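Chemist: This is the structure I have questions about; it appears just below.
Residue numbers (my numbering): 8 to 80.
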């Protein structure tokens, strides 16, 4: 699993929008990473469903990429 592009979102519950390569040759574009009120993260795609472990992995990867981008600013 690899984050191809991350577009941070400001304000609201949406942490970021990501493009991800889930497996070689399998890509999902414009996937939303949402921060819930309890602080946990959830991943939603348009017409996509993810197993909980895959969604959690995507959320952790997005946070890691977002933190790296923030440190470079």
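Glycine included, every Cβ here is placed at the ideal spot set by N, Cα and C. Treat the numbers as computed from the prediction; the structure is a model and nothing was measured.
#1: With a Cβ-Cβ cutoff of 8 Å, do residue 35 and residue 69 count as a contact?
#2: So, helix, strand or coil for residue 47, using DSSP?
#3: For residue 14, which residues in the same chain have their Cβ closer than 8 Å to its Cβ, ignoring the five residues on either side in sequence?
#4: Tell me the rounded alpha-carbon separation between residue 71 and residue 64.
#5: Under the rule that 16 or more other beta-carbon atoms within 10 Å means buried, what is residue 51, buried or exposed?
Modeler: On the basis of the coordinates in this document:
#1: Contact flag unset, no.
#2: The answer is coil: DSSP assigns residue 47 none of H, G, I, E or B.
#3: Excluding residues within five positions, the ones whose Cβ falls inside 8 Å are 23, 24, 25.
#4: Whole-angstrom Cα-Cα distance: 11 Å.
#5: When all chains shown are included, residue 51 counts as exposed.
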